[in-house]
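Counting the sequence shown from 1 gives a position; our numbering is that position plus 240.
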Amino acid sequence: MRHRCVMLVAAAGLLSLATPVSAQCMYEVTIVHPPACGNGDIPEMILRGGLSNNGLACGYRCSSCSACAAQLPLAWSAETGIIMLENPGGGDNADALGINRHGDVVGSALFAEKWPGLGYMATVWRDGIAVPLGVVEGGTTSVANAINGAGVIVGSSGDAVDGVPPWHAIVWIDDELIDVGAQIPLLYSFADDVNEHGMLTGEVSPGGATGPRGFVWNAGRTTVMPPIPGGLTSYSRAINDRGVAAGHGGSADGTRRFGFVWKDGDMTLLPDLPQQTQIGVWDINDAGQVVGWARFPIGAPHAFIWQDGVMLDLNDWVQTTENIIIVGGYAINDRGQIAGEGLVEPVGIDLSVGVILTPIDSGPADLNIDCRVDAADLMILLRDWGDSPHLPSDIDGDGVVGPRDLAALLAAWRPQVNMQSVGDAD
């Protein structure tokens with residue numbers, strides 16, 4: 241008890257002396273691409289699926305170097321490199337869209353031999369083997385978009401031809417299909433993400449002229465978001481373990497999309513990058529960092545990161561000697577790692593490759609991922625004090641934010657960015 245009091249007094253003293261100031265990490269770039277074809281060309285690939293907190297990613301590669309006639313699902317880690325997943329449809333497309341810390345991958349694939357009358361089916365890959373998850377009663381197709389650490393899978397299912405039955409948000413628990421959309425009083429629903437507490441997010445729509453709206457579903461209760469301010473639609477793409485959702489929506493005239501974050505009924509629009517014309521928001525982590533892509537009047541898209549009201553072009557924050565443009569951030573984990581797509585020019589042509597961006601010199605006590613440990617991190621930890629499973633403030637991973645986590649944060653205290661580490665990355 242005495243040690244706890246001493247630590248709390250020390251923490252209070254540090255808070256009284258320090259004022260949080262925003263900062264930003266630099267990123268190390270890992271380029272991921274398949275082996276070259278016989279002519280030396282490299283097939284295109286993208287890490288556009290999920291990214292677990294232990295650094296497992298998923299996505300796809302093209303089936304050949306000459307054309308992307310089919311997409312082949314894959315998983316990746318720094319230890320194993322690329323692992324190709326079973327494609328039960330043979331030469332047909334299969335999509336890997338989400339991955340958890342156990343290496344379970346979800347997406348969609350064709351099972352034409354077993355179900356010749358059905359289209360793409362929600363799929364989970366365990367140890368690389370494709371397991372079909374089925375379709376809603378009367379449906380012809382389904383897709384799985386995300387999986388959490390407990391193995392809860394979310395996606396959608398319906399009829400791809402005439403819309404009967406309509407598309408519904410689906411949850412799979414122990415591979416059993418649960419029609420969540422039947423509990424939502426709107427015609428269509430699509431589940432895009434699930435957090436570690438089992439909260440879902442996605443889109444709902446009554447059909448007709450009314451545009452889609454983002455929604456959050458939690459323990460049987462559905463909250464429908466409004467359109468973005470001044471707009472017609474909202475699409476919620478991701479939700480973190482704090483219940484903060486992120487997505488984008490269309491303007492009233494249909495010419496622009498704007499990003500947003502949503503929490504407890506409040507929607508905040510993301511600012512634009514200079515000359516930005518469009519945005520695609522893809523993911524949010526527990527630090528509240530949002531990633532995606534931004535488009536411009538000319539040139540390739542650029543990946544962005546947003547946090548605490550500040551929008552940054554990720555290309556300005558990478559340490560690499562490669563001739564590469566980071567064009568999309570599709571997933572971000574609680575360590576601040578980002579998975580996405582880059583364009584490189586090996587022979588004068590743009591080639592899509594997978595990229596992993598890793599913050600340089602950020603550790604477990606750097607709760608807001610700005611590559612220093614200071615009053616901002618301390619305030620986050622004190623706010624989360626108590627039972628806080630799944631949150632980064634639980635530094636020792638025991639399910640409780642308490643004295644041991646505080647001690648770890650104080651031991652790592654570093655209120656300035658380690659410029660030596662940043663310089664070493666050049």
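Every residue, glycine too, gets a C-beta built ideally from N, C-alpha and C.
Of all the options the options, which has the alpha carbon lying nearest to the alpha carbon of residue i?
| i | options | result |
| --- | --- | --- |
| L417 | S429, N435, S397, G490 | S397 |
| G568 | D548, S592, V550 | S592 |
| G639 | L646, S628, A648, D645 | S628 |
| R535 | T517, F544, Q529 | T517 |
| G447 | A431, F455, L427 | L427 |
| A309 | T441, I322, N435, P283 | P283 |
| Q577 | L296, P275, P274 | L296 |
On the three-state DSSP scale, how would you describe residue i?
| i | result |
| --- | --- |
| N388 | coil |
| P537 | coil |
| A648 | helix |
| G490 | strand |
| T560 | coil |
| R623 | helix |
| L287 | coil |
| V364 | strand |
| D415 | coil |
| N327 | coil |
| N458 | strand |
| D617 | helix |
| V261 | Summary for V261: the model assigns pLDDT 49, below 50, so the residue's position carries little reliability; its value from the coordinates is reported in the next sentence. In this structure, V261 counts as coil in the three-state DSSP scheme. |
How would you call residue i, buried or exposed, if buried means at least 16 neighbouring beta carbons within 10 angstroms?
| i | result |
| --- | --- |
| E581 | buried |
| D526 | buried |
| M285 | buried |
| T484 | Strictly speaking, residue 484 in this sequence is Val, with Thr absent from that position. Looking at its Cβ environment, which holds 16 or more other Cβ atoms inside 10 Å, V484 is buried. |
| M324 | exposed |
| V550 | exposed |
| C611 | buried |
| D344 | buried |
| P511 | exposed |
| V261 | Bear in mind that the predicted position of V261 carries a pLDDT of just 49, short of 50, making it too unreliable to give a figure here. |
| R288 | buried |
| C302 | buried |
| C298 | buried |
| Q656 | exposed |
| T320 | exposed |
| D335 | buried |
| V246 | Because the pLDDT at V246 is just 44, under 50, the model does not fix this residue reliably, and the value given afterwards should be weighed accordingly. That one is exposed. |
| R497 | buried |
| V392 | buried |
Which whole-angstrom value is the C-beta distance of residue i and residue j, which I expect to be below 8 Å?
| i | j | result |
| --- | --- | --- |
| Y300 | L312 | 6 Å |
| L597 | L554 | 7 Å |
| A486 | I545 | Actually they are not in contact, since the Cβ atoms of A486 and I545 sit about 12 Å apart, beyond 8 Å. |
| V411 | V394 | 6 Å |
| V584 | E562 | 6 Å |
| G460 | S491 | About 33 Å; that fails the 8 Å criterion. |
| I519 | G499 | 5 Å |
Quick check: residue i and residue j, are their CB atoms within less than 8 Å of each other?
| i | j | result |
| --- | --- | --- |
| M266 | Q515 | no |
| A605 | I635 | yes |
| I468 | V444 | no |
| I564 | I339 | no |
Does any residue of chain C bring its CB to less than 8 Å from the CB of residue i?
| i | result |
| --- | --- |
| L426 | Here there is only one protein chain, and chain C is not present. |
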